[in-house]
Amino acid sequence: MAFIMKAIRSLFKLHKRTNCTASTERPSKTRTEAPASLHIRNAQPLNEEAGAQTQHATSPGTLTIGGDANAAPTESQMNTSPVLPVPHPAKNVDQPQPEKGDATLRSSVSGTPTIYNAVKVGMGLMKEVSTAFGPLEAVVRGLSFILEHHEKWAANKGVIKRLVCRIETLRTAFEEMGEDQSNDKNTQRRDTLLRKLQAIAVDIESISDRHKLSRYIAAGADEDTLSALVNDIQDTLIDYQTITQIEIDARTARLITAEEDRLLLQLPRAPDASHLSKTHKSCLKGTRTTLLSDVEAWSEDPESHSIFWLNGHAGSGKSTIIQSFCQDVFSTGRLGASFFCSATVPNRSNLRMIFPTLAFQLARRFPAFKERLVATLRYRPDVAQEPLETQFTELIVGPLEDTAISTLIVIDALDECQETESISTFLPLLPEYIKKIPSVKFFITARPEPPIRAAFRLPPVRFITRVLVLGDLEKASVDHDIYLFLKARLSDAMKGRSDVDLPSPWPFEHDLRILTAMSGQLFVFAATAAAFITSPYDQPAERLALLKAMPEKNRGIDQLYRTILMHGYGEIMDHDYQAKWRLVVASILLLGDPIRKTRGVLAAFLNLEASKIASILRPLHAVIKITEDGRGGISIYHKSFYDYLTDPARCTDSMFFIDYGVHHALLAMQCIWFMSNSPIRDETWRRRYQRERVDETSNHMVCLLYSADHWSSFHLLRHGQMLDTNVRLQLLSTIEEFLETKMDIWVTIQDHRGSPLGSTGPLKDLDHYISNMPENLLGRDKFASVVDRTLRVTADLEQKKWAARSRKGLEEQFAT
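Sequential numbering from 1 applies to the sequence shown in the UniProt record's numbering.
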C-alpha cells in the first residue's frame, strides 16, 4: 500500500510537468479509467475551450514500474488512478518554434520546448538526473550530436525528437519511482535497458570524438554506424516498452469475470489477426524511416485527419510498414486494436470478422470499454451476425463514444476481404460515426481497387482522410531501402551455409544494384528473389545468375514467378504430374474456412502420400510457407502469387495456370469423393460415430467435416458459369450419383452434429445452383429432378426427426 501511495504521488507530480508525447485525449462525457495498474500517461494540452478541469478518458499506460507484475489490481484501483488535466500553454510564452515544414515538430513542440531546444542546439539534458540513470542522459547527448552532425538526421528531426521524448518519459518515471525493489523482474528489465543504452552511448561518443570539428560527417562507415545506432536506440526502447505494455494488457485481462469472459468469447473473431501474431513481418531496421516518421506524426497530431489511408499496389510493402507502425504505437500504449486481413486465411478474409475481432481486443485493453460492450452483448447476443453498419455502431462506436477513450485502430489490407462491394458501401458511412468519436484515429491500408478508391474519393470521406500513395514516394528513397533489404537478407542467409563457397563479401555491389533495379520498387519482388536465391536446395550463385539472365524487357514480378516455376518443374512436368501439381496448389489457394492446410490434411483430402505433397511443394519454398516438421499450416507468402496463378493473362503457361472455376468444381467433386469413401458407411464405425464423439481433430475427421459443409455451399457456388462442358457434365454426374446412392453418409454426419437436412440446410444451395444454370444446358433437367427428389426426402426426414424429438420431450415431461 505504501508503494501504491508513493506511485500515486509521483503520478500527480508527473502530470504537472509538460509531457513529450503529442497524443491528445479529448474531454470525455464520463470519467473512465487507467486500464492497468499505475502507469504514466501521454498527454497533450487540452483545447482552450475544453477547460482546465475537464476529466479525461485514458489510453493504456505507456509504462508500468514497480508492483507485482503478476498481481491483478482491483477494478476500483484501475478506475481511480489520478488523471489530471494539463493546462494549455499561454500563447505569448517565448518558446522555440519548429522550423517551417517540419510537421512532426510543429505538431508537438509546444509541449516540449526545453527538450526541443536542447536537442536542436546540441546541449545536454537532464542536468539533475541521478547517477543511476546516467545512461539515459548519455544517450540524449549522443542524439544531440547526431542531430547536429549527421545530415540525414538533421533533415529528419521527427525521429530524434520522438526518441528523446521516450527517454525523458522513462527518466521521469525512474526518478519518481526511485530504487523500488518490490519487483525484481521490473528492476532487472530496467537495468538491462540501461546497460544496453550505455553501450550505445559509448559507441556514439567514440565517433563524436573523431568529428568534433566537423560540420557534417561525410558519407562512409561512421555515418552508417551512427544511423545503425539510432535504430538500435529505437529498437531497445520499443522492446522494453512492448514487454511492459503486454504486462499491462495481461493485468487488464485478469480483471474480466467468468460471466464477462463467456459473453466476450461468443464474439466470432480471427485469433491471429492482430499485430502480435508471429505471422506478420516488420520493416528491416533502417528502412522506411521517413515514411514511418510521417505516419507517427499524423498519429500524434490531435488536429490531423481521423483516417489515414496508405494506398499502394500489391507488393509495395504496405503490410510491413503497418506492422512496424503497430509495434511502435503499441509500445507507447496508443494502439487499441488491429486487424490484418489476408485473402489466403479464411477468417481474415471475412469482412464480417473485422469489427467483432476489434471489439474483442478493445475489451481486453480497456475495462470501461469491456463493461459497455458486455452490456450490449447481454441484450443483443447476436449483434455480431447483423449488418456491417450495425456491427460498427454497436460493437465499436457506441462503447468508444460512451467511454471517450482515445486510441488508434488499425486495419491492414482491406482489399483482401472477399466482399469488396460491401466495403465500398460501408466506407461512406464512416464520416457520420467518426465525428462521435473524435479521439479515435483509423489507419487503413488497401490497394486502390476501384470500389475502394471510389469510396475514399467521396467528399465526406475525403475530407476526413489523409492519403499517402506509396507509388508517389521518391524512387531513390525506395530503391535505397530495397538495396538495404537485399544486402541484409542475402548476406545473413549465407552465414549459416557451410555447403557453399562464396567470395567475401557476397553478394557483390553490382549484383545488388541489378536486383534493386529489377525489383521496380516492389518489396515483394525483392523478398521473393532473396528467398529464391538462398534456397537450401541449390547454389545461391547459380540462382542469382538465373535471375540476372531474365530478359530485361520482361523483368517484373510475373517473370520472377515464371522463372521460379520453370526452374523448379520445367523438366519433370509430365501430364499426370501437372494435374497433381495443380490440384495440390489449387487446394492451398482455394480451400475455405476453417480447414487448416497442413501436409497431413492435404494428403488425406487429396488421397496422396504426405511425402508426395512435400516433394511437389519443395521447389516453391520462396513463395509458399511450409514448416519443416509438416505440422504447420501451408499458405502463400503474398497474394500476388495467387493473383498470378489464377489470371490467364498473366500466367500464360498452361502447366501452372489455376483455372478458378474448374478447380472449385474439382474440389467440390473431391469433397464428394472423400465423403463417399469414408468408413462412416461401415455399420460398426457408424454406430461408434453416432454413440460417441470421434476425435474431430484427426486429419480424416477434419476433411470429412469440411467436405460435408463445403461441397455445395462453398465450392459448387464458386465455379461460375464459364466452365468447360466436360467438367460440368462430370460434376453433375458426380453429384447425381452421390444424391441417389450415398446420401446416407451425408445425412449421418449432419444428424450427428444436429445440423439441418432439408431446405434450410446446405442442400438449399443446390436449388440456387440450378436457378443460375442456362435453361437449355445439357443434363440440366435430369439434375434438377434428382435434386428435387432429394430435397423432398430430406425434408420428410427433417419433419420425422422434429416429431420424434417433440414426442420424446412430451414423454419426459409426463414422466416428471
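Ideal placement from N, C-alpha and C gives every residue a C-beta, glycine not left out.
For residue i, which of the options has the nearest alpha-carbon?
i: V202; options: H275, D261, C165, P135; result: P135
i: E419; options: F366, P450, L716, L729; result: P450
i: F426; options: A228, V230, F392; result: F392
i: I233; options: K185, H211, K285; result: K285
i: H715; options: R789, T279, A586; result: A586
i: A668; options: Y642, T646, S707, D653; result: S707
i: C283; options: C326, S771, I613; result: C326
i: E593; options: V374, K281, N350, I564; result: This sequence places Asp at residue 593; Glu is not what is there. Of the listed residues, the one whose Cα sits closest to D593 is N350.
i: P356; options: A337, T344, S504; result: A337
i: F456; options: I564, F308, S504; result: F308
i: T192; options: K435, D209, Y240, S206; result: Y240
i: K278; options: F340, P302, V329, L267; result: F340
i: P381; options: Q559, E148, N699, L264; result: L264
i: R618; options: C703, A665, A531; result: A531
i: F360; options: A253, T344, K318, V524; result: A253
Measuring straight from C-alpha to C-alpha, what distance separates residue i and residue j?
i: L606; j: K742; result: 20 Å
i: L335; j: H768; result: 44 Å
i: T289; j: F145; result: 19 Å
i: F508; j: L502; result: 10 Å
i: L377; j: S712; result: 33 Å
i: A603; j: S678; result: 15 Å
i: Q397; j: R372; result: Looking at the sequence shown, residue 397 is not Gln but Val. Cα-Cα distance, rounded: 11 Å.
i: V787; j: K764; result: 10 Å
i: R780; j: I246; result: 59 Å
i: G315; j: Y637; result: 11 Å
i: L797; j: I533; result: 60 Å
i: D222; j: E552; result: 36 Å
i: I321; j: Q578; result: 37 Å
i: G101; j: L163; result: Low per-residue confidence applies at G101: pLDDT is 35, beneath 50, and the placement is therefore not dependable, though the value from the model is reported in the following sentence. Going by the C-alpha atoms only, they are around 20 Å apart.
i: L583; j: P271; result: 29 Å
i: K475; j: G158; result: 22 Å
i: P540; j: A529; result: 11 Å
i: D511; j: A549; result: 12 Å
i: T403; j: K435; result: 15 Å
Does DSSP put residue i in a helix, in a strand, or in coil?
i: T104; result: Because the pLDDT at T104 is just 34, under 50, the model does not fix this residue reliably, and the value given afterwards should be weighed accordingly. DSSP places T104 in helix when its eight states are reduced to three.
i: D744; result: helix
i: L267; result: coil
i: K285; result: coil
i: T794; result: helix
i: D272; result: coil
i: I595; result: coil
i: F442; result: strand
i: S676; result: helix
i: L645; result: helix
i: P302; result: coil
i: Y660; result: helix
i: D481; result: helix
i: M669; result: helix
i: Q418; result: coil
i: K185; result: helix
i: S498; result: coil
i: P346; result: helix
Over what stretch of residues does the beta strand (DSSP E) that includes residue i continue unbroken?
i: W309; result: 307-311
i: T465; result: 465-469
Quick one: what's residue i bridged to in DSSP?
i: A337; result: I409
i: L197; result: BP columns for L197 are empty, so no partner.
i: K625; result: S635
The alpha helix (DSSP H) with residue i in it runs from where to where?
i: E320; result: It should be noted that the sequence gives Thr, not Glu, for residue 320. T320 -> alpha helix (DSSP H) spans 318-331.
i: residue 820; result: In the structure as shown, the chain starts at 1 and stops at 816, and residue 820 therefore has no counterpart that could be examined.
i: D558; result: 557-569
i: P451; result: 450-457
i: C703; result: 699-710
i: G398; result: 398-403
i: E552; result: Run containing E552: none; DSSP gives neither H nor E here.
i: A314; result: It is not in any alpha helix (DSSP H) - A314 carries neither H nor E in the DSSP assignment.
i: Q361; result: 354-363
i: M518; result: 509-519
i: P367; result: 367-379
i: T390; result: 388-391
i: residue 875; result: Outside the shown range of the chain, which is 1 to 816, sits residue 875, and nothing can be said about it.
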